[in-house]
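J.: With this note's numbering, the residue at position 165 of the sequence shown is 176, and numbering never jumps.
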Amino acid sequence: MCTRGLISTLFPRDVETGITEEGEDDENRRPLLGDGDGSSISRARPPRPRHLGLVNTTQNARQLPKLTLPDMTPSSVSSTVHNTPVGESASTMSKPWRRGDRRLRRLNTELLEAIEGHDVEQVEKLLNSGANPNATCRLDLVSACHMAALIGGDALGLLVKFGAEKLRIDRLGRTPLHLAALAGNARQVAILLDFPEDMQDRVGDESMSSETEDDVRKLCPYIREMTNVRCDLGEVNAALPKTWKDNIDHECRDIKGSLSEMFQPGWTPLHVASSCIRRHCTRLLLAAGADPNICDAEGRTALDVAGSAFYYNKEISPKHLPEVIKMLIKAGGKYNTMNKRAPAFMDTPLHTAVELENLEAIRELLDAGASINRLNRAGLTPLHVCVKKQLEEHLQLLANYDYINMDPMAAVVDVKDKEGHTVLQAAVEAAWVPGVCIALEAGADVTLKANDGETPIHSAAALGNIDVLNEILSVAKKKDALDYQNEEGETALYKAIIHGRLECVKRILDEGASMKITLPGDVNVLHVAADYGELEILKVLLEYDDAMTDAMINALSADDRRGFGPIHFAVSNNHAECVKLLLSKKADVRLRTTCNPHKASTPLHIAAVKNHVNIAKILVQFDKTIIHEVNSLGWFPIHTASHHGCRDVITLLLKEGADLSGYTDGPKKFKRTAIDMIINNLPKPTDFMEEVFDSYISSNGQDLQDPSCVITVDFSILMPNVCEMEQMKVIEALLKTGNRYSQKRLLVHPLVESFLYLKWKALLPFFYAIIGLYGFFVTSLTVFTVSVFFYRDTNDKTPDWLNSTTWSYVVYVTILLILLQELLYMNVKSSRYFLQLETWVKFGSLGLAVILPYAVVVVPLNEADWPRHVATLALLLSWLEMMFLLSRFPNWGYYVLMFGKVASNVVKILLTFAFLVIGFSLSFMIQFRSQIPFEGPWAALVKTIVMMTSEFDYVALFDEEHSKELATSLIVVRLIFLIFLILAAIVLMNLLVGVAVNDINDLEVLGNIRRLAKQVEFLSTLDTLVYNKLFNKILPKKVNSRLKNKRKVNNIMTLSPGKPRWKYSKVLPSRLKDAIFNTAQFQKKQMDDEKDFQRFNNMMDEIHEIIVKEKKDGDKQMETPDLIKDRLVKRGDDITKRLGEIDDAVVEIKNQTKSYVEESKSSVEMLNVKVDQMSLEIEVIKQLLSRIESKIGR
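1) Of all the alpha helix (DSSP H) runs that stay within the bounds of the stretch 299-351, which reach a length of 4 or more residues?
2) Does DSSP put Glu404 in a helix, a strand or coil?
3) Go through its chain and collect everything with a Cβ distance to Lys460's Cβ below 8 Å, but skip five positions before and after it.
4) Could you name the residues that DSSP lists as bridge partners for Ser154?
5) Report the rounded CA-to-CA distance for Arg803 versus Thr793, giving the unit in angstroms.
6) List in chain order: all unbroken alpha helix (DSSP H) runs of 4+ residues lying wholly within the stretch 880-961.
7) Return the bridge partner residues of Lys427 from the DSSP annotation.
8) Just to confirm, are Phe778 and Val822 a CB contact at a threshold of 8 Å?
9) Quick one: using the 10 Å Cβ neighbour count with 16 as the cut-off for buried, is Tyr674 buried or exposed?
10) Run through DSSP, which three-state label would Arg518 get?
11) Strictly by DSSP, which residues pair up with Tyr674?
12) Please report the distance separating the alpha-carbon of Asp1112 from that of Val741.
13) How is Val1226 classed by DSSP in three states: helix, strand or coil?
14) Bridge partners of Met1064, per DSSP?
15) For Pro761 versus Ser819, is the C-beta spacing smaller than 8 Å?
16) Between the C-alpha atoms of Gly34 and Glu132, what's the straight-line distance to the nearest angstrom?
17) The beta strand (DSSP E) spanning Ile708 covers which residue range?
18) Taking Cys515 and Gly475 to be in contact with their CB atoms under 8 Å, please state how far apart those CB atoms are, rounded to whole angstroms.
19) Tell me, to the nearest whole angstrom, how far the beta carbon of Cys287 is from that of Leu190; I am working on the premise that it is less than 8 Å.
20) Please determine, among Glu892, Leu1030 and Ile826, the residue with the shortest C-alpha to C-alpha distance to Leu848.
21) Go ahead and pull the three-state DSSP assignment for Lys1120.
22) How about the stretch 300-319 and the stretch 202-213: do they share at least three Cβ pairs that are nearer than 8 Å?
23) Once DSSP output is grouped into helix, strand and coil, what is the label at Val600?
24) State the DSSP-derived secondary structure class of Leu137, mapped to helix, strand or coil.
25) Does the distance from the C-beta atom of Tyr495 to that of Val536 stay below 8 Å?
26) Look at the Cβ atom of Ser672, then the Cβ atom of Val724, and state whether they are nearer than 8 Å.
27) Return the CA-CA distance between Asn239 and Tyr346, expressed in angstroms with no decimal places.
28) Round the Cβ separation of Trp482 and Leu451 to the nearest angstrom and send it over; I've been treating them as touching at under 8 Å.
29) Near Gln407, which residues of its chain fall below 7 Å by C-beta distance, leaving aside the five closest residues on each side in sequence?
30) In the DSSP output, which residue or residues are listed as bridge partners for Val534?
31) Please work out which residues of its chain come closer than 7 Å, Cβ to Cβ, to Leu933, disregarding the five sequence neighbours upstream and downstream, and give them in chain order.
32) Check whether the stretch 110-130 and the stretch 156-169 touch, using three or more Cβ-Cβ pairs below 8 Å as the test.
33) By a C-beta neighbour count over all protein chains shown, 10 Å radius and 16 as the cutoff for buried, is Ile1087 buried or exposed?
34) So Phe801 is in the alpha helix (DSSP H); what residue range does that whole segment cover?
35) Rounded to the nearest angstrom, how far is the Cβ of Leu188 from that of Pro280, given a contact under 8 Å?
36) What residue from Val439, Glu737 and Lys330 has the CA that sits closest to Asp1034's CA?
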């Protein structure tokens, strides 16, 4: 920009201090006026610029240097009308003059403040007192002339008389003339343009006469260049003379900040006057020779910025806009923003005229050829602005104007904004019916797409305004555009469904829209309605055409659109009512999704994934058997819910009979049960399963002492209905999950333990049969062995009934029966069978029993001892197995487990310290010279172990005979014996006893769980043997039926704790009954607590409603203090009464919880916390009541 260079020519080179002209020296410097000798010579005015040098105005415009303010040396002499002070350098000024400089700055500050305060008398007084008329705010270089030009009044005239520079620029490059035009101060404009005083008075009036305008034009040759000065908003950095400066505490930020946004680089005063619609100033500047076609930095003329101050929230006069536009056009003004070559996104005067709702201005601009397709900064055309502001008459004018050079094939209203919306679509989205009608009458195309692919008919359907839609449909039907699809493939019907516009859906269907059109991915209208949960719309679609409904209701979408049917979409999004409606319209409850991505899942699988328990309940109530449907992975819904950790659905499915022990499909090593998934996928699975088991023990809500109290124990969760032959498989599946999360403690839950007890009692006759068979085998083997060895060794005659041959046949028969039983057992348990110690003990006894009769008959006993060894081992193993069988009894198994644990620990400790024992045994053998009882390593080892049990035989070992033999090493032998006594006999044996006792104490805690685990294993084996297919084929039907009824546990068991003589009172031991009663009581207390807290919450809500209502009533109407007092007292009494009831309830709850502390300490602590919270809330309410009472008292 060259404006600064131009304005520099407007300032005299010798102002105040003077600047040396080229070729001059400092000696030739002198002031413009005299040295204050009292002459009456008036102050010379600065020479006027010869050439403006404006950019793009003339071809011969020369580039002027950048404007820099002269660095004027301050003077202590005040500036007056008749003199200008002579410049002095700061180095030559004495201290008194420096004090005068501070005074001058103070005066300059007061001058600026007086101008700002419209105090003309104070301005004149300050100027006469020595204030500099060029006083300038040092912060932004805003001079006194700038402020006087902006504010108006007579201050500017006084400043000029006292020699103020009129063409000063501030730091943003603005001259006082720009600010005068901004404010519409025509008189100030005249003063700044050096009009004669009589002319100033004539142009100051709004009704400037034509004669005065002609007189102004006569001054054009002299003032034209000043009227076309353009501002430059770049930062101006100039050295300010000291005599012009104000005090540091004065600021003019309000002038800079309030105007800097509106002023644009390159604006002339005419731009400013036009933008602010200053009619008088515009006329005056045009008459003074202002060029209306000078462009600013963005290429805009004064006509282009007409009224643009509106966008900066400046006060303007919209009614004068047409007159300003006429003036500019009449003066030859052109526009650059309203033609086809103009840059986009600029506010044109046509936009401004629409924003100001000025019809006359719009007509003037249209007559001047303004284009209506230009976009403003918001990306809107003037037509779209009309729609935005809902200007019906203005839109009518713009839409129906007879434009020149318009495409005859395109409608004017089809012009688009930056979003690609036509005028019709904008009117539709604004729900402006008159605008829609105007656009349609003007020939708007209903199928034109916006940038997002939407058309007006789609927008109308999505909007839901039935009046707008009717207007659109009336045209769309004629043009066969009802089923027109956007870029997503959606028709207007789809849009209405997606946005839930029921009336629009009905209207579109009535007009004949097609329901057969699908979206990409085979998505139909039912899919969309179910997906969005639009119940009423879905109902309309389902009832529209029965044949079409039957074809679409079970149709699946493509894999990339989830492969769902309508019911899957409704289930996935938890639209319960939609699911009910679809099921009532014959939707398939077993409809499977595609294999990808949802693995051929049924709706119940989808509900299980999402944990939509209400949906799952609806589906199960419709068809309970769907809980047994599997997806392509072989998963039941219970597996799906377990895999995703959906607790609520798991609980529901178990209540409906889902099988916890059911396996998934696939290779054996990948098969998993539902309970395995629950244990490994849910947080705190054991606690969750305990809560589930607790829910299967319930009461009728009566106290335990009440005779009518009935406690129901439901075993259905442990006995799935799929196969009654395998009642133990759920508990077996639980044991197979391991004990990583301490899940084996579930075995001691009252529900599980009572079921195992009842199952044991049911299978007890069959267990007796097994024990009887094995007992007969052990008895026959024992009799046979005794009949052979005892009578042969004693040479007594064997009785006839102990004939060994007969008993040998008996032994073989019993062995055959046991082997048959074991073959059936192996068929059931397969590999696990051979991993048990009992299996090898049993087969060892059977194998030796098979060999024994043959060995006794063939091998003479006098010739070999190995038959005796065989008999010994056979008897020992058979009786050991008998002990294992007897350990299956619930009351005896605990002791056998203790025995086995202690034996296992003893063996482990002996093996650990075996090297110590071997060392002592060999030492004794050597020291006693391999004599009895240490005659060999084996004998020495056995004797040493026996000695560890305190059987030392000290006298026999160290008698006189041995002492003579050990005379040389007797001390060493005794020392070794002493060490053995301390380490082995005392330390090691006490360690064995301590470990054994300690493990027994631990076993008291875990022994019951281990006993139950063993009992589960045995019962499952026994159950399988009883339900063997061979027995079913061999035994008669009646026998089979009686056996089934005998060996099966009923699903439901009821107990009446208030009736000691109840027929089922002795079904369970007292220990289990007490546990069941405690669980039922805990469940009841939980329900009571929930009811109490719900009741308390309801009371709190009522109190809150009363208080809120009282406050609203007080705000609505003014009542007398007595009435207010009576009402508040009444309300206070009501609240106090309710609080008393709450206190009683709290006390009752506390009393009830005291009796339950020993049973459930943790739950009592939680309850006390809640009670404390309730007490705190009650205290808060009491404080509120006290404040209300205090206000009533006042």
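Ideal placement from N, C-alpha and C gives every residue a C-beta, glycine not left out.
Please read all numbers here as calculations on a predicted model, not as lab measurements.
T.: Per the coordinate set shown:
1) 332-341
2) The residue labelled residue 404 in the question sits at position 393 within the sequence shown. Helix at Glu404.
3) As a working note, residue 460 is residue 449 in the sequence shown. Answer for Lys460: Gly431, Thr466, Asn497 and Glu498, listed in chain order.
4) Here residue 154 refers to the residue found at position 143 of the sequence shown. BP columns for Ser154 point to Thr147.
5) Position 792 of the sequence shown, counting from 1, holds the residue named residue 803. Position 782 of the sequence shown, counting from 1, holds the residue named residue 793. Cα to Cα, the separation comes out at about 15 Å.
6) 901-923, 925-938 and 948-958
7) To locate residue 427, count along the sequence shown from 1; it is residue 416. DSSP, once it has assigned bridges, lists Thr433 as partnering Lys427.
8) For the purposes of this step, residue 778 is identified with residue 767 of the sequence shown, where counting begins at 1. For the purposes of this step, residue 822 is identified with residue 811 of the sequence shown, where counting begins at 1. No, these two residues do not count as a Cβ contact at 8 Å.
9) Counted from its first residue, the sequence shown places residue 674 at position 663. With 16 or more other Cβ atoms within 10 Å, it is buried.
10) Position 507 of the sequence shown, counted from the start, is the residue given in the question as residue 518. Residue state, collapsed to three classes: helix.
11) Here the question's residue 674 lines up with position 663 in the sequence shown. Paired residues: Thr684.
12) Indexing the sequence shown from 1 puts residue 1112 at position 1101. Indexing the sequence shown from 1 puts residue 741 at position 730. Going from the Cα of Asp1112 to the Cα of Val741 covers about 46 Å.
13) Because the chain spans 12 through 1205 in this model, residue 1226 falls outside it and cannot be assessed.
14) Translated into the one-based positions of the sequence shown, residue 1064 becomes position 1053. Bridge partners of Met1064: Val724.
15) One-based indexing of the sequence shown puts residue 761 at position 750. One-based indexing of the sequence shown puts residue 819 at position 808. No, they are not a contact pair.
16) Mapped onto the sequence shown, residue 34 falls at position 23. Mapped onto the sequence shown, residue 132 falls at position 121. Low per-residue confidence applies at Gly34: pLDDT is 37, beneath 50, and the placement is therefore not dependable enough to give any value.
17) Mapped onto the sequence shown, residue 708 falls at position 697. Its beta strand (DSSP E) spans residues Ile708 to Ser710.
18) As a first step, residue 515 is located in the sequence shown; it is residue number 504 there, counting from the start. As a first step, residue 475 is located in the sequence shown; it is residue number 464 there, counting from the start. With a Cβ gap of about 6 Å, Cys515 and Gly475 count as contacting.
19) Indexing the sequence shown from 1 puts residue 287 at position 276. Indexing the sequence shown from 1 puts residue 190 at position 179. Incorrect: roughly 11 Å between the Cβ atoms, too far for contact.
20) Mapped onto the sequence shown, residue 848 falls at position 837. When only C-alpha atoms are compared, the closest one is Glu892.
21) Position 1109 of the sequence shown, counting from 1, holds the residue named residue 1120. Note: Lys1120 maps to helix in three-state DSSP.
22) no
23) Working through the sequence shown from its first residue, we reach residue 600 at position 589. Reduced to three states, the DSSP call for Val600 is coil.
24) Here residue 137 refers to the residue found at position 126 of the sequence shown. If DSSP states are grouped into helix, strand and coil, Leu137 belongs with the helices.
25) As a working note, residue 495 is residue 484 in the sequence shown. As a working note, residue 536 is residue 525 in the sequence shown. Against a cut-off of 8 Å, the Cβ pair of Val536 and Tyr495 comes out as no contact.
26) Residue numbering aside, residue 672 sits at position 661 when the sequence shown is read from its first letter. Residue numbering aside, residue 724 sits at position 713 when the sequence shown is read from its first letter. Cβ distance not < 8 Å, so Ser672 and Val724 don't count as in contact.
27) Numbered from 1 along the sequence shown, position 228 holds the residue referred to as residue 239. Numbered from 1 along the sequence shown, position 335 holds the residue referred to as residue 346. Distance between the alpha carbons of Asn239 and Tyr346: 17 Å.
28) On the sequence shown, residue 482 is found 471 positions in, with the first residue counted as 1. On the sequence shown, residue 451 is found 440 positions in, with the first residue counted as 1. For clarity, residue 482 is Glu in the given sequence; the question names Trp instead. 6 Å between Cβ atoms; contact.
29) In the sequence shown, residue 407 corresponds to position 396, counting from 1. Cβ within range, chain order: Ile449.
30) Counting from 1 along the sequence shown, the entry for residue 534 is found at position 523. Its beta-bridge partners are Leu530.
31) As a working note, residue 933 is residue 922 in the sequence shown. Pro948 and Ala951.
32) yes
33) Within the sequence shown, the letter at position 1076 stands for residue 1087. By the 10 Å Cβ count, Ile1087 comes out buried.
34) Position 790 of the sequence shown, counted from the first residue, corresponds to residue 801. Segment: none, Phe801 is in no alpha helix (DSSP H) and carries neither H nor E.
35) What you label residue 188 is simply residue 177 of the sequence shown in a count that begins at 1. What you label residue 280 is simply residue 269 of the sequence shown in a count that begins at 1. 5 Å between Cβ atoms; contact.
36) As a first step, residue 1034 must be located in the sequence shown, where it is residue number 1023. Asp1034 has its Cα closest to that of Glu737, out of Val439, Glu737 and Lys330.
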